[in-house]
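The structure appears right after this line, and notes come after that.
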Amino acid sequence: MRPQVSVVIPAFNVERYLGAALDSALGQTVEDVEVVVVDDGSTDGTVAVARGYGDARVRVFENERNQGPAWSRNAAIAQARGEWIAVLDSDDWWRAERLERLLALAEERRADIVCDDLLLVPEGAHEPRSTLFTVHAGRLGRIDGPFEVSALKMVVDDYGILKPLFRREFLIANGIRYNPAFRAGEDFEMLLRCLLASGRMVVSHEALYFYRARSDSLVASPVSCLSRILEMTDALIRDVDAKTHGEIVTALEGYRRRKWDELGDASFREPLHAGRWGECLSLAVKNPAMLLRYAAVLGERFLPVGLVLAMPEWGMGAWR
14 MRPQVSVVIP AFNVERYLGA ALDSALGQTV EDVEVVVVDD GSTDGTVAVA
64 RGYGDARVRV FENERNQGPA WSRNAAIAQA RGEWIAVLDS DDWWRAERLE
114 RLLALAEERR ADIVCDDLLL VPEGAHEPRS TLFTVHAGRL GRIDGPFEVS
164 ALKMVVDDYG ILKPLFRREF LIANGIRYNP AFRAGEDFEM LLRCLLASGR
214 MVVSHEALYF YRARSDSLVA SPVSCLSRIL EMTDALIRDV DAKTHGEIVT
264 ALEGYRRRKW DELGDASFRE PLHAGRWGEC LSLAVKNPAM LLRYAAVLGE
314 RFLPVGLVLA MPEWGMGAWR
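Numbering (the working numbering), first residue to last: 14 to 333.
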């Protein structure tokens, strides 16, 4: 008999975390679930943890070699039998009522995709410090109820980090899967293609998903992650039909500019935090805005820089 929800979990070297993800998926108030774990070439005890659960609802598959999260999610979706496909990262976990709340919202709003706010958990902590919508309240505004996301809103507001439930029939009917070419930004790209295919996406204001920050995760290096997101964005700009979706392409170009600026900032912060001062100064000379933004930190290390920045006549005009 087909389960109501298939929880798909791509896993790579998460022996320490996978148990919490599995416990939260199996401990939902909606009991009619299966969990599909796809190990992506782990070299630790990840597979042993997954296979050791002894619960018939947990099915484990293994990639022959490391293929990335998008490939692994596709492999899990191919094996999934549920009416809904729920994405859960192997180092995250859910509140017990998450599926119940989101499925009810999906049926109420006749949604093909449903998501919720994220509870942000710093590395080493067990409780969240904030939520995604709270952190970005200045940009997103106050969110106090469920809302629908269009393709344009997806690009402008950037909800690519959310973890969706997909109606399985919608994915099958439209032949939509994750693009395995991307190892960052694949969630954004997948959601946008669903919306361009007339999928209806509704987001709950409730925070029911615990999102763990890890220093060794794929997104832990902002420079590498943002570089890959730019590659994904360039591919979307090439592929989206500008005649049919002109405003989406324009929005994607704006999204690309924002990510390019974030990359420039990350390229400066990375050596700054590592204490590579010569590299910082070299980057600052090429990009004076960075010099002004991080003047206090650099001034503590290099007094002449601090003195220059303290003199109005040596402000930005001197660098143009």
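From the three backbone atoms N, C-alpha and C, an ideal C-beta is built for every residue, glycine too.
Remember, predicted model here, so these are calculated numbers, not experimental data.
* Asked: Candidates Ser-234, Ser-37, Leu-133 and Thr-59: which alpha carbon is nearest Arg-111's?
  -> Translated into positions along the sequence shown, residue 111 becomes position 98. Minimum Cα distance to Arg-111 is reached at Ser-37.
* **Rounded C-alpha distance that separates Pro-23 from Leu-31** => Counting from one through the sequence shown, the residue named residue 23 turns up at place 10. Counting from one through the sequence shown, the residue named residue 31 turns up at place 18. Just so you know, the alpha carbons of Pro-23 and Leu-31 end up roughly 10 Å apart.
* Asked: Applying the criterion that 16 or more other CB atoms from any shown protein chain within 10 Å of the CB defines a buried residue, is Lys-256 buried or exposed?
  -> Along the sequence shown, read from residue 1 onward, the residue named residue 256 stands at position 243. Sixteen is the threshold: since fewer than 16 other Cβ atoms of the shown chains lie within 10 Å of the Cβ of Lys-256, the residue is exposed.
* To do: Give the single residue among Ala-33, Leu-239 and Phe-179 whose Cα lies nearest to the Cα of Ser-19.
  => Start at 1 with the first residue of the sequence shown, and residue 19 comes out as number 6. Per the Cα distances, Phe-179.
* To do: Give a yes or no on whether the C-beta atoms belonging to Asn-76 and Gly-58 are separated by under 8 Å.
  => For the purposes of this step, residue 76 is identified with residue 63 of the sequence shown, where counting begins at 1. For the purposes of this step, residue 58 is identified with residue 45 of the sequence shown, where counting begins at 1. Not a contact, by the Cβ cut-off of 8 Å.
* Taking all protein chains shown into account, decide if Pro-135 is buried (16 or more other Cβ within 10 angstroms of its Cβ) or exposed. => For the purposes of this step, residue 135 is taken as the residue at position 122 of the sequence shown. By the neighbour-count rule (16 or more Cβ atoms within 10 Å), Pro-135 is not buried but exposed.
* Mind checking Gly-212: buried by the 16 CB within 10 Å criterion, or exposed? -> Position 199 of the sequence shown holds residue 212. Of the residues assessed, Gly-212 falls on the buried side of the cut-off, its CB having 16 or more other CB atoms within 10 angstroms.
* To do: Select from Glu-113, Asn-192, Met-245 and Asp-104 the residue whose C-alpha is nearest the C-alpha of Trp-97.
  => Here the question's residue 97 lines up with position 84 in the sequence shown. The candidate whose alpha carbon is nearest that of Trp-97 is Glu-113.
* Looking at the structure shown, is Glu-283 part of a helix, part of a strand, or coil, going by DSSP? -> Your numbering for residue 283 matches position 270 in the sequence shown. Glu-283 falls in the helix class under three-state DSSP.
* Mapping DSSP to helix, strand and coil, what is Trp-106? -> Your numbering for residue 106 matches position 93 in the sequence shown. The answer is strand: DSSP assigns Trp-106 an E or B state.
* Asked: Within this structure, are the beta carbons of Tyr-268 and Val-216 separated by less than 8 Å?
  -> As a working note, residue 268 is residue 255 in the sequence shown. As a working note, residue 216 is residue 203 in the sequence shown. Not in contact: Tyr-268 and Val-216 (Cβ atoms no closer than 8 Å).
* Going by the beta-carbon positions, is the gap between Asp-170 and Leu-153 smaller than 8 Å? -> Counted from its first residue, the sequence shown places residue 170 at position 157. Counted from its first residue, the sequence shown places residue 153 at position 140. Contact flag set, yes.
* **Beta-carbon proximity list for Ser-163, same chain, < 7 Å, skipping 5 on both sides** => Along the sequence shown, read from residue 1 onward, the residue named residue 163 stands at position 150. Taken in chain order, the residues that qualify are Leu-208.
* Could you give the DSSP three-state label for Glu-219: helix, strand or coil? => As a position in the sequence shown, residue 219 is number 206, starting the count at 1. Judged by DSSP in its simplified three-state form, Glu-219 adopts strand.
* Asked: Among Asp-105, Gly-277, Gly-151 and Pro-82, which one has its Cα closest to the Cα of Val-236?
  -> On the sequence shown, residue 236 is found 223 positions in, with the first residue counted as 1. Of the candidates Asp-105, Gly-277, Gly-151 and Pro-82, the one whose C-alpha sits nearest the C-alpha of Val-236 is Gly-277.
* For Phe-25, which option in Ala-61, Glu-44, Pro-16 and Gln-17 has the closest C-alpha, if you only look at C-alpha atoms? -> Translated into the one-based positions of the sequence shown, residue 25 becomes position 12. It is Ala-61.
* Asked: If you run the structure through DSSP and keep just helix, strand and coil, what is Glu-136?
  -> Position 123 of the sequence shown, counting from 1, holds the residue named residue 136. Correct three-state label for Glu-136: coil.
* To do: Sort Trp-84, Glu-28, Thr-56 and Gly-95 by Cα distance to Ala-63 and report the nearest one.
  => The residue labelled residue 63 in the question sits at position 50 within the sequence shown. Per the Cα distances, Glu-28.
* Asked: Grouping DSSP H, G and I as helix and E and B as strand, with all else coil, what is Pro-82?
  -> Counted from its first residue, the sequence shown places residue 82 at position 69. Helix.
* Top-ranked residue by Cα proximity to Arg-155, from Lys-176, Ile-174 and Asp-130 -> Position 142 of the sequence shown, counted from the start, is the residue given in the question as residue 155. Out of Lys-176, Ile-174 and Asp-130, Asp-130 has the C-alpha closest to the C-alpha of Arg-155.
* **Helix, strand or coil at Val-27 [DSSP, three-state]** => Stepping through the sequence shown from its first residue, residue 27 is reached at position 14. Three-state DSSP puts Val-27 in coil, outside helix and strand.
* To do: Given a cut-off of 8 Å, decide if Cys-128 and Pro-193 are closer than it, judged by their beta-carbon atoms.
  => Stepping through the sequence shown from its first residue, residue 193 is reached at position 180. Stepping through the sequence shown from its first residue, residue 128 is reached at position 115. If you check the CB distance, Pro-193 and Cys-128 do not come in under 8 Å.
* **DSSP three-state assignment for Val-253, whether helix, strand or coil** => Looking up residue 253 in the sequence shown gives position 240. Coil.
* Asked: Is the beta carbon of Glu-47 sitting closer than 8 Å to the one on Arg-78?
  -> Along the sequence shown, read from residue 1 onward, the residue named residue 47 stands at position 34. Along the sequence shown, read from residue 1 onward, the residue named residue 78 stands at position 65. No, the pair does not count as a contact, with Cβ atoms beyond the cut-off.
* To do: Leaving out five residues on either side along the sequence, give the residues of the same chain with a beta carbon under 7 Å from the beta carbon of Gln-92.
  => As a working mapping, residue 92 is identified with position 79 in the sequence shown. Once the five neighbours on either side are set aside, the close Cβ partners of Gln-92 are Val-49, Arg-72 and Phe-74.
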